[in-house]
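Heads up: the structure comes next, in structure tokens.
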Amino acid sequence: MDISFALTGKGYVIVAADTTAARSIVKMKSDEDKIKVLSPHLLMAFSGEPGDTVNFAEYVERNLRLYHIRHTYALRPASAASWIRRSLAESLRSRSPYAVNLLLGGYDTATHTPELYWVDYMGTLTSVPFGAHGYGSYFALSLLDRYHDPEANLEEGLATLRRCIDEVSKRLVVSPGKYKVKVVDKDGVREIEL
Amino acid sequence: MSIMQYNGGSTIAMVGKDCVAIACDLRLGNQALGISSNFEKIFAMTERTYIGLPGLATDVTTLHEQLRYRLNMYTIKEERTMEPETFIHLVSSTLYEKRWGPYFIEPVLAGLQRMPGGSFRPFIASTDLIGCINFAKDFVVAGTASEKLFGVAEGLWEPDLAPEDLFETISQTLLNAVDRDAYSGWGAVVYVITEDKVIKRTLKGRMD
Amino acid sequence: MARRYDSRTTIFSPEGRLYQIEYAMEAISHAGTVLGVLAKDGVVLAAEKKVTGKLLDMSGAKEGGYGGSGEKIFLLNSNVISGVAGLTADANSLVNYARQAAQGHLFNYNEDIPVELLVQRLCDLKQGYTQYGGLRPFGVSILYAGYDPHYQFQLYHSDPSGNYSGWKATCIGANNGTAQSLLKQEYKDDIGIDEAVGLVLRTMSKTMDSTTLGSEKLEFATLTLDAEKRPKAKIYKPAEIDALLVKHDLAKKDEDTEMRAA
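Written out as structure tokens, the structure reads:
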């Protein structure tokens, strides 16, 4: 039931995820943060099987933090994405696989490019200009096909994100109420109120 | 629905006169939902050996990384590049290692084999998902559009095509075959490998 | 009595020294010279070969391979080359370890291994032999010339104890003191790759025992960026080294031709 969106723009990546934590048909919580800050320039929205999601996100967070401490610099987004993908791919063929889908938004400080990766629980990894997971993807992807602009400034990018959120609210039977939105650019990571 | 059809995608390789070509589509999907129109399935392994890995997308990446590791270890220890005919056997044994829990990939390979005299011979091959090698003299296909690719290639391919003619033949074969397949398409990439250069071209395709 | 603290690598002497490590370093200071210079657009490595002679079969080095004779300069990864001084057999083992470590990193992170990380991996291995008992340390010092997007071009040195450090220009092996003082005098901070090549060759010609330089005594390599900004390692083949020496006016006079002319 989790919904997450992400899109790139000129020098930034926006990552958004709903804030509902639900058990079956009951909402248990409405301010859950489903976007982890993995490094000064890397965000990860995670969704999927409750329990697996937080456990896997923390596993990733701590491994990347350890790498950062050991080597004084963080892994670049592409390398972090490859490592996370491998973790999921190995988990897929293990006795108890993680069922976690991810959107990885990062800013590569070596090449000065915003980067976005779509990752699913099987370990499928692909670089995309925009992506989504969950039921929201059926509505958002076609809207983003139409309105996404890789050269858009942050305000325009947020307007496009708002279109996606509004469409989901309008059309999806069980739409979530609130979203957390985070942005990563050359200055690092920050949260934005929509 | 088989796991081989889950992400979609197709690959084809063809033999020409003193050249080979290999091409793939660019779609990555989750069944009917399209995720990416920039998912390349062909990888340069050496300067004259290219491999296409259609099938389950997670295994496309895993197998590519696995093959690259083994190939690089060979190259750095032997201090020479691996020939395509050797490489397809590496692919085969890598796949057969997972005989009872396979990678869901059916590789397609195209390359130029260096002959003892120093000349080059076109070489193509494919394997099934557990590494049974199929050596072919004309063309090899794999992926969700493989039946259609067989049909169109059977009609368009002819022996001894020059590089530019081979490019046209493989491009038309792929584009027309994937138009009849809902799980393949969304653009294509074509490589034509000749003795002195490799030409890579990205083709636009129908986006439906 | 000092002998009592010599035999095991892991036992401190009463003065707090590890003799086996010091002996290993001593052995290296008699090995063929290896010299490295860091320039703003590349890194240069040169090494003096000790195993030479008319009957040595060098046909393998002439063509094929990565160049070099496989005695002193090695390609560790597409972005790192190394020059080794000390026991060749130990060096081969370390080179193999480094290559595996680099490919392991590429496999896990889909990027070329950062240079300092590779140096650290080797130093962790070397350090282990100064602590875990019963074995001999690696009798090898290594110069690493590498490139990565974090710190661009880099030059490192590691010794048998597992210490490592970064350098602008440095030298290991025989006469390294002479070479280092020469480098200290001549090195400039904004040196370019072509100047660095000249500096390395000149310094080598002054420090090596033999009076003249030639490809049978010298290995040479550079690391630069290609047109696509990817690191490009070039280990020179014997013919290319001789051509380079001629260009820098350091080539030996061919006595045979002079005698034939006479």
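In order, the protein sequence lines correspond to chains A, B and C. The numbering of the first sequence is full-length UniProt numbering, which starts it at 1 and goes up by one. The numbering of the second sequence is full-length UniProt numbering, which starts it at 1 and goes up by one. The numbering of the third sequence is full-length UniProt numbering, which starts it at 1 and goes up by one. Note that beta-carbon positions come from the ideal geometry of N, C-alpha and C, so glycine has one too.
Which bits of chain B does residue i rub up against, with CB to CB less than 7 Å?
i      : result
P107/C : For the sequence presented, residue 107/C should be read as Phe rather than Pro. Under the 7 Å cutoff, chain B gives E65 and Y69.
T126/A : L28, I35, S36 and F39
L94/C  : Going along chain B, no residue has its Cβ under 7 Å from L94/C, so there is no contact; the nearest lies around 14 Å.
Over the uninterrupted alpha helix (DSSP H) stretch that includes residue i, give me the two end residues.
i      : result
K71/A  : Just to set this straight, residue 71/A is His in the shown sequence, not Lys. Unbroken alpha helix (DSSP H) run through H71/A: D52 to H71.
F135/B : Note, F135/B: premise wrong, no alpha helix (DSSP H); beta strand (DSSP E) at I133 to A136.
Y19/C  : Y19 to I28
R114/B : Run containing R114/B: none in the alpha helix (DSSP H); it sits in the beta strand (DSSP E), V108 to R114.
F107/C : T88 to Y109
Q127/C : V115 to G128
M73/B  : A57 to E78
Q152/C : Careful: Q152/C lies outside any alpha helix (DSSP H), inside the beta strand (DSSP E) at Q152 to S158.
Specify, as a first and last residue, the run of the beta strand (DSSP E) that residue i falls within.
i      : result
A39/C  : V34 to A39
T222/C : L218 to L225
R121/B : F120 to T127
G151/B : Run containing G151/B: none in the beta strand (DSSP E); it sits in the alpha helix (DSSP H), S146 to L156.
K182/A : Y179 to D185
T46/B  : I42 to T46
F74/C  : I73 to N77
A21/B  : C19 to D25
Taking 7 Å as the cut-off, is the CB of residue i close to at least one heavy atom of the ligand SAM?
i      : result
L250/C : As far as ligands go, the structure on display features none, and thus does not contain the ligand SAM.
Just to confirm, is the Cβ distance from residue i to residue j under 8 Å?
i      : j      : result
I105/B : V141/B : no
G42/C  : L143/C : no
G55/B  : I22/B  : no
T160/A : Y147/A : yes
S184/B : S37/B  : no
L194/A : V181/A : yes
L155/C : L38/C  : yes
K168/C : Y151/C : no
K126/C : P160/C : yes
V91/B  : P107/B : yes
Q172/B : L149/B : no
L28/B  : A57/B  : yes
Enumerate in chain order the residues of its own chain whose CB-to-CB distance from residue i is below 8 Å, with the five nearest sequence positions on each side excluded.
i      : result
N79/C  : D112, I113, V115, G146, Y147, D148, L223, P231 and A233
L129/B : M4, G55, L95, P102, Y103, F104, I105 and E106
R70/B  : L90 and T94
Taking Cβ-Cβ distances shorter than 8 Å, what residues in chain A pair up with residue i?
i      : result
P149/C : R76, A110 and T111
Classify residue i as buried or exposed, calling it buried when 16 or more other Cβ atoms lie within 10 Å of its own Cβ.
i      : result
D166/A : exposed
N110/C : buried
C132/B : exposed
Y6/B   : buried
H133/A : buried
P129/A : buried
V190/B : buried
S2/B   : exposed
G16/C  : exposed
N55/A  : exposed
G144/B : Residue identity check: residue 144/B is Thr in the sequence provided, not Gly. Classification of T144/B: buried, given that the 10 Å Cβ count is 16 or more.
I241/C : buried
V197/C : buried
F135/B : exposed
A174/C : buried
Return the chain-ordered list of same chain residues with a C-beta closer than 7 Å to the C-beta of residue i, the five sequence neighbours on each side being excluded.
i      : result
T75/B  : T81 and M82
E258/C : With a pLDDT of 49 at E258/C, under the threshold of 50, the modelled position of this residue cannot be trusted; read the value that follows with caution. Within the same chain, E258/C has no close Cβ partners at all.
V15/A  : A6, I35, L43, A45, L103, G105 and K182
T169/B : M14, L156, W157 and L161
T203/C : L35, A179, L182 and L183
A22/A  : M1 and M28
R206/B : D179 and G185
K72/C  : G32, V34, A47, K49, G83, V84 and E219
E61/A  : K36 and L38
Which bits of chain C does residue i rub up against, with CB to CB less than 8 Å?
i     : result
M73/B : R99, Q100 and Q103
S82/A : N108, Y109, N110 and E111
Which residues in chain C sit within 7 Å of residue i, going by Cβ to Cβ distance?
i      : result
R93/A  : Simply none; closest approach about 17 Å.
R86/A  : N108
I105/B : The premise fails here: I105/B is roughly 17 Å from chain C at the closest Cβ pair, so nothing lies under 7 Å.
To which residues of the same chain is residue i closer than 6 Å at the C-beta, ignoring the five residues directly before and after it?
i     : result
R93/A : none
A91/C : V84 and V140
Is residue i close to chain F? Criterion is C-beta to C-beta, closer than 8 Å.
i      : result
G101/B : No chain F appears in this structure, whose protein chains are A, B and C.
Residue i touches chain C at which residues, Cβ-Cβ below 9 Å?
i             : result
residue 229/B : This structure cannot settle anything about residue 229/B, because the visible part of chain B is limited to 1 through 208.
I51/B         : Ordered by position in chain C, no residue passes the 9 Å Cβ test against I51/B, which lies about 17 Å from the chain.
Strictly below 9 Å CB to CB, what residues from chain B border residue i?
i      : result
G123/A : A57, T58, D59, T61 and T62
S137/A : N30, L33 and I35
A89/A  : T58, D59, T61 and T62
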